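K.L.:
Dropping a structure here in structure tokens format, bear with me for questions.
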Amino acid sequence: MIPIKLINMPFASLTHPSLALGQFKAQLTSEYIPSLVHNFNFDFSMKMGELNYELLAKSKGFNSQLGEWLFSEQAWGKTFGPDEDKFWSQCNIVLDTLDGLKNPQKWLKTIKKELIPEFLDDCLYTLFNDQSPKVIAFTCTFFQTISSLALAKKIKEKYPEVSIVFGGACFHDEMGLELIKKCSFIDAVS
């Protein structure tokens, strides 16, 4: 059994591995604690297309937060942000960078409604297909927060005994404290 699973979610870049997860894995190994890193960002990129995944990951969508928006319904049960027309107008710069798409809005809506629920189910299966881990830890920098929260929520609903831990830049100080207060499925932040 692998008691600790370390998770790297979309929209982490495919070209920059998680230094934090590598360090945690090495520290756990040095203490003879089995762990496994899951780079679910790679799995998701293969489902949506690696080039457009990386274009979204690198766009940094500060104005639109498109990557966060894609996972919002799975995390919160509803979409966040402005009305849809205003949202899409904020995304124009990002949408223009996507490769080979005649209708990027339609493509992204399909990803949100069909691909993401399937992807989260696949992640859940991968994490629990052998035996239940005791701890699942997420790294969150920049545009990984909502996708990570969506998977964590799904895990806790089905496996409430598993401890869910979050760390990274998006969980420092007040942000981490606020997220642990608002998200009952988070057990600890670092």
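Residue numbers for the sequence shown follow this note's numbering, beginning at 2 and rising by one. Glycine residues also receive a C-beta, built at the ideal position from the N, C-alpha and C atoms. Note that the structure is predicted; figures quoted are calculated from it, not measured.
#1: Among the candidates K110, G78, T98, whose CA atom is the shortest distance from the CA of E85?
#2: Measure the C-alpha to C-alpha separation of L150 and K157 and round it to an integer number of angstroms.
#3: Tell me whether K155 is buried or exposed, calling it buried when 16 or more other Cβ atoms sit within 10 Å of its Cβ.
#4: Report yes or no: do three or more beta-carbon pairs, one from the segment 133-148 and one from the segment 166-177, lie closer than 8 Å?
#5: When DSSP labels each residue in this structure, what does T1 get in the three-state scheme?
#6: Report the rounded CA-to-CA distance for K204 versus F12, giving the unit in angstroms.
#7: So, at 8 Å on beta carbons, what are the nonlocal neighbours of I1 in its own chain, with the 5 sequence-adjacent residues on each side left out?
#8: Should S36 and I8 be called a contact, given that it needs their Cβ atoms to be closer than 8 Å?
#9: Quick check: the Cα distance between E175 and I3, rounded to an integer number of angstroms?
#10: To the nearest whole angstrom, what separates the beta carbons of V163 and S191, a pair I think is in contact under 8 Å?
#11: Using a Cβ-Cβ cutoff of less than 8 Å, which residues in the same chain neighbour E51 once the five nearest sequence positions on both sides are dropped?
#12: What first and last residue would you give for the beta strand (DSSP E) that runs through A1?
#13: Kindly indicate which residue of K103, E115, C124, E69 has the alpha-carbon position closest to the one of C171.
#14: Can you give the beta carbon distance from T98 to S148, rounded, assuming they're within the 8 Å contact cut?
#15: Using the Cβ count rule (16 or more neighbours within 10 Å means buried), how would you classify G23?
P.N.:
So, to answer that:
#1: Ranking K110, G78, T98 by Cα distance to E85 puts K110 first.
#2: Using only the alpha carbons, I get a separation of about 10 Å.
#3: Using a 10 angstroms sphere on the CB of K155, the tally of other CB atoms reaches 16 or more, which defines it as buried.
#4: A contact is defined here as three or more CB-CB pairs under 8 Å, and the segment 133-148 meets this definition with respect to the segment 166-177.
#5: Outside the shown range of the chain (2 to 191) lies residue 1, about which nothing can therefore be said.
#6: Since the first residue shown for the chain is 2 and the last is 191, residue 204 is missing from the structure and cannot be characterised.
#7: Coverage of the chain is limited to positions 2 through 191, which leaves residue 1 absent and any answer about it impossible.
#8: For S36 and I8, no; Cβs fall outside 8 Å.
#9: Those two C-alpha atoms are separated by around 32 Å.
#10: So it is not a contact: roughly 17 Å between Cβ atoms.
#11: Excluding positions up to five away in sequence, the list reads L15.
#12: The structure shown does not extend to residue 1, since the chain is modelled only from 2 through 191, so no value can be given for it.
#13: Comparing Cα positions, the closest option is E69.
#14: The distance from the Cβ of T98 to that of S148 is about 20 Å, inconsistent with a contact at the 8 Å cut-off.
#15: It counts as exposed.
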